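Numbering (our numbering), first residue to last: 2 to 71. For each residue, glycine too, the CB sits at the ideal point set by N, CA and C. Everything numeric in this text was worked out from a predicted model, so none of it was measured. Have a look at the structure below before the remarks.
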């Protein structure tokens, strides 16, 4: 639910930045910051999950060096 809200908020902020909502109005810097924060948050969440599962292959069952080298 949180990620859906973040996606909608980012979409609305991007719509303001691009000028879909009010084409004659100048872009407020706050919309740019909100859009960037939403995009960074979504990318951090989902791309980070992909990296941890596919690239690094994290596994909670694997022994850590602290346990293995006692």
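Inter-residue Cα distance where the pair is residue i and residue j
i, j, result
"residue 9", "residue 20", "16 angstroms"
"residue 40", "residue 27", "22 angstroms"
"residue 3", "residue 64", "33 angstroms"
"residue 38", "residue 66", "36 angstroms"
"residue 29", "residue 50", "32 angstroms"
"residue 33", "residue 52", "27 angstroms"
The alpha helix (DSSP H) enclosing residue i, as first and last residue numbers
i, result
"residue 1", "Residue 1 lies beyond the range of the chain shown here (2 to 71); nothing can be said about it."
"residue 17", "3 to 19"
"residue 68", "66 to 69"
Candidates the options: closest to residue i by CA position
i, options, result
"residue 36", "70, 12, 54", "12"
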